[in-house]
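Reviewing the structure listed below.
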Amino acid sequence: MSEAGQRGVPTEFAEQVLDLVARIPAGRVLAYGDVARMLGGGGPRQVGAALARFGAGVPWHRVIHADGTPPPGHEAQARARWREEGTPLTADGSRVRMHAARWAGPQAPS
DNA sequence: CTCTTGACGCCGG
DNA sequence: TCCGGCGCCAAGA
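If you count by the numbering used here, then the first sequence holds residues 476 to 585, one letter each, in order.
Right, dumping it as structure tokens:
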């Protein structure tokens, strides 16, 4: 009841994913594979699965493909948010400049 | 226990 | 630059 869209019970790995994604500063992004590596487990697919099921309460639009493209089924939503937050985008604004927008991690300064 | 699926990533054409 | 195929790992049926 506190959270909507949450199906079933999240695994511990899923909770770690949500926690890290919630810490990503506005205007910055992480790739699914980046999140998996920072948590030190599973793989990019597990991160995507966690966000697909429990990502309703976190800025999931800050987690994208390694090449800077948004997740299927939410391209328009993600692009709109990037524009709002001033995320570094390509000239056409269709994808994120990973090299510039990639968040260093929870320890790195903003 | 086995098979299929999936908000991915990388390489080759 | 775009498209397709293969590899990885865990959850679900």
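In this text, a Cβ means the ideal position worked out from N, Cα and C, and glycines have one as well. Please read all numbers here as calculations on a predicted model, not as lab measurements.
Rounded C-alpha distance that separates residue i from residue j
i, j, result
"H549", "L505", "16 angstroms"
"Y507", "L493", "12 angstroms"
"R577", "G532", "21 angstroms"
"A575", "P581", "17 angstroms"
"R572", "P546", "15 angstroms"
"H540", "P584", "23 angstroms"
"V538", "T486", "19 angstroms"
"R503", "R528", "22 angstroms"
Residue from the options whose Cα sits closest to the Cα of residue i
i, options, result
"F488", "A555, L526, P500, A575", "L526"
"W535", "Q552, G516, T486", "Q552"
"R482", "G561, L564, H540, G530", "G530"
"G523", "R498, E490, R554, T565", "E490"
Run of the alpha helix (DSSP H) containing residue i, from where it starts to where it stops
i, result
"W578", "Here W578 belongs to no alpha helix (DSSP H), and DSSP marks it neither H nor E."
"D494", "487-498"
"Q552", "550-560"
Any non-hydrogen atom of the ligand FMN within 8 angstroms of residue i CB
i, result
"A525", "Annotation note on the ligand FMN: not contained in the displayed structure, which lists no ligands."
DSSP-derived helix/strand/coil call for residue i
i, result
"V533", "coil"
"V538", "strand"
"V504", "strand"
"V484", "coil"
Distance between beta carbons of residue j and residue i, contact taken as under 8 angstroms
i, j, result
"E560", "A501", "4 angstroms"
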